[in-house]
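Be aware that the sequence shown starts at 1, since it is given in the UniProt record's numbering, and climbs by one per residue. Note that beta-carbon positions come from the ideal geometry of N, C-alpha and C, so glycine has one too. What follows is a single structure, written as structure tokens, with notes after it.
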Amino acid sequence: MSHSAAKAPLASVRSSGRAGLKGRIRVPGDKSISHRSLMFGAVTIGETRIEGLLEGEDVLGTAAAMRALGATVTRDGEGLWRVSGLGVGGLLEPEAVLDFGNAGTGSRLTMGLVGGHAIAATFVGDASLSRRPMGRVLDPLRQMGVSVIARKGDRIPLTIKGPDTLIPITYRVPVPSAQVKSAVLLCGLNAPGVTTVIEPVATRDHTERMLEGFGAAIETSVGGAGERIIRLQGRPEFKPQTIIVPGDPSSAAFPIVAALIVPDSDVTVENVLLNPLRTGLITTLLEMGADLTIENQRLSGGETIGDIRVKSSRLKGVRVPAERAPSMIDEYPILSVAAAHAEGETLMEGLEELRVKESDRLSAVAHGLTINGVDVVEGETSLLVRGPARKIGGGVVPTHLDHRIAMSFLILGFTADTAITVDDAATIATSFPTFTGLMEGLGASFQPVEG
């Protein structure tokens with residue numbers, strides 16, 4: 001996976017053609033479920049079939065890692081992925097490094113999976129991933145007996161080696177993080193006995209749902225203080241599954257907000273995952289006055305999905321409470337774009353996790369909005385956006401190799417008085433490779449920029 005590709009600047013502008021954004025689209029498959037589908041398939045004996053897998057660079061990196069660890073991973077001409085695994089505890093030591101590019105989820109969850117095996121593996125990634133902290137995942141793995149060789153600050157490149165026999169632990173997650181929870185549970189798959197994770201604040205539960213679906217003995221209860229207690233019995237025998245990956249709500253957020261802020265728009269995003277631990281943005285947009293309805297709601301593979309119809313709306317500023325952050329942590333950049341068009345102040349709190357994403361997203365959003373004419377106050381763990389901005393545009397936004405920063409500011413450009421440029425749109429391919437094509441199909445306009 002290349003870490004040195006040339007930047008691809010891109011600008012977005014108001015559409016000079018048909019009014020508004022209009023149409024029905026489907027966004028790529030959910031990234032969280034796509035990563036996990038490949039990993040669970042790799043530790044299942046038999047063939048797991050995956051339909052609708054997100055074929056972005058992050059997920060393709062996970063597919064390559066599962067191959068390197070001994071699983072057979074193939075894709076047919078119709079887009080169906082097949083994973084023939086080795087069973088729980090059966091992964092093989094890779095001959096080369098595991099290169100995850102920009103994928104924080106793929107790398108951290110695979111650390112847990114590899115840590116549950118008596119093998120060694122070296123993890124590498126691009127410049128952005130190499131700056132991101134891994135200690136929050138490695139600390140509980142060390143308690144389970146995993147050895148770690150890492151550079152200062154527990155950052156990659158690093159090597160981990162699982163013990164001959166894992167130690168099942170009870171671990172209280174210090175900050176809300178589905179990645180930490182999932183890494184501990186994936187490591188605990190091959191531990192004798194019960195591994196327990198305690199979550200003071202609930203985070204996305206795809207790992208628990210999929211563990212149960214594949215046949216693990218897993219229980220979730222609520223403690224006296226309201227925390228979630230997850231208990232996993234180690235060494236299950238997984239049963240092969242057919243997984244249909246629903247549309248990623250984090251990707252759907254971009255056309256949804258675009259339709260809200262571009263006048264005379266009417267857009268439906270079909271087949272979107274509506275897991276209640278992933279719908280914080282929808283809740284917030286409705287509070288802001290969004291004309292947003294959910295149609296054709298249904299169950300698929302244990303998850304709720306539906307079609308989201310959005311029309312142009314007059315938005316108002318709101319306070320977004322800190323406790324909502326885990327259910328919309330990836331959506332704050334695009335929510336900030338909506339806030340720039342809302343009447344009054346929008347205060348977003350509890351954003352400390354944004355400091356350690358693909359970039360320091362809190363700082364990157366504040367800077368990008370400021371240089372494009374939006375009134376912003378950046379706090380240590382909060383962001384205040386005052387709207388509506390009188391005049392938007394003209395800035396060149398540093399993306400810091402962050403796909404969500406790039407897409408958010410391209411959406412902002414759809415209402416700008418002067419074009420908004422992102423310094424690198426190539427990073428969008430990590431999660432939403434069809435982004436520009438889908439948006440152009442709705443009526444949006446982009447302009448390539450000479451680097």
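Item to check | Within 8 Å, strictly: CB atoms of T415 and I261 | outcome: yes
Checklist entry - What residue does the beta strand (DSSP E) around D291 start on, and which one ends it? => result 291 to 300
Next on the checklist: Which residues does DSSP list as the beta-bridge partners of L383?
Outcome noted: M348, E378
Checklist entry - Can you name, in chain order, every residue of its own chain whose Cβ lies under 6 Å from the Cβ of V374, other than the five neighbours on each side? => result A340, A389
Item to check | Sequence-distant residues of its chain with Cβ nearer than 6 Å to F409 (five each side left out) | outcome: G368, V397, I420, V422
Next on the checklist: If contacts are defined as beta-carbon pairs under 8 Å, then K427 and T399 qualify, I think. What distance do you get, rounded to the angstrom?
Outcome noted: For clarity, residue 427 is Thr in the given sequence; the question names Lys instead. With a Cβ gap of about 6 Å, T427 and T399 count as contacting.
Item to check | Option nearest V194 by Cα separation, candidates G226, R172, R235, R209 | outcome: R235
Item to check | Local Cβ density within 10 Å of K391, reported as buried at 16 or more and exposed below that | outcome: exposed
Checklist entry - Helix, strand or coil for F432 per DSSP? => result coil
Checklist entry - Can you give the Cα-Cα distance for V377 and R172, rounded to whole angstroms? => result 33 Å
Checklist entry - So, helix, strand or coil for G393, using DSSP? => result strand
Checklist entry - Around the Cβ of Q297, are there at least 16 other Cβ atoms within 10 angstroms (buried) or fewer (exposed)? => result exposed
Checklist entry - Taking the C-alpha atoms as reference points, what is the distance between V201 and R228? => result 7 Å
Checklist entry - So is H403 in contact with chain D if we call contact Cβ pairs under 8 Å? => result No chain D is present in this structure, which holds just one protein chain.
Next on the checklist: So if DSSP puts Y332 in a beta bridge, which residue, or which two residues, is it bridged to?
Outcome noted: BP columns for Y332 are empty, so no partner.
Next on the checklist: By the DSSP assignment, the alpha helix (DSSP H) with E323 in it spans what residues?
Outcome noted: It is not in any alpha helix (DSSP H) - E323 carries neither H nor E in the DSSP assignment.
Checklist entry - To which residues does DSSP link I45 through a beta bridge? => result G85
Checklist entry - Is it buried or exposed for S2, if we count other Cβ within 10 angstroms and need 16 for buried? => result Any reading at S2 must be qualified, since the residue scores a pLDDT of 41, below 50, and its modelled position is unreliable; the value itself is stated next. It is exposed - the Cβ of S2 has fewer than 16 other Cβ atoms within 10 Å.
Checklist entry - Which partner residues of E353 appear in the DSSP bridge assignment? => result Answer is none; E353 lacks a bridge partner.
Checklist entry - Among residues of its own chain, excluding the 5 on either side of H35, which ones have a beta-carbon nearer than 7 Å to its beta-carbon? => result V59, T62, T105, G106, L109
Checklist entry - Between the C-alpha atoms of L92 and L274, what's the straight-line distance to the nearest angstrom? => result 36 Å
Next on the checklist: Since E358 and D424 should fall inside the 8 Å C-beta cutoff, what is the C-beta to C-beta distance between them, to a whole number of angstroms?
Outcome noted: With a Cβ gap of about 12 Å, E358 and D424 do not count as contacting.
Checklist entry - Does the Cβ of Q447 have 16 or more other Cβ atoms within 10 Å, making it buried, or fewer, making it exposed? => result exposed
Item to check | K31, DSSP secondary structure in three states | outcome: helix
Checklist entry - Considering L362, what are the terminal residues of the alpha helix (DSSP H) in which it resides? => result 361 to 370
Item to check | Length-filtered (4 minimum) alpha helix (DSSP H) runs lying within the stretch 45 to 76 | outcome: 57 to 68
Next on the checklist: In whole angstroms, give me the CA-to-CA distance for R82 and I243.
Outcome noted: 10 Å
Checklist entry - So, using beta-carbon positions, are L185 and L232 closer together than 8 Å? => result yes
Checklist entry - Hey, L292 and I308 are a contact pair by Cβ (cut 8 Å); roughly how many whole angstroms apart? => result 7 Å
Checklist entry - Taking DSSP as the reference, what is the three-state secondary structure of A11? => result strand
Item to check | Cβ shell of S251 (< 7 Å), same chain only, five flanking positions each side left out | outcome: V27, P28, S431, F432
Item to check | Cβ-based burial, P321 [other Cβ within 10 Å; buried from 16] | outcome: exposed
Checklist entry - With C-beta atoms as the reference, is S12 less than 8 Å away from S382? => result no
Item to check | Endpoints, beta strand (DSSP E) assigned at E78 | outcome: Per DSSP, E78 belongs to no beta strand (DSSP E) and is neither H nor E.
Checklist entry - Can you tell me the Cα-Cα spacing of S4 and F100, whole angstroms? => result Here the model assigns S4 a pLDDT of 45, short of 50, so the residue's position is not dependable, and the following value carries that caveat. When rounded, the distance between both Cα atoms is 14 Å.
Item to check | Where the beta strand (DSSP E) containing K161 begins and where it ends | outcome: 155 to 161
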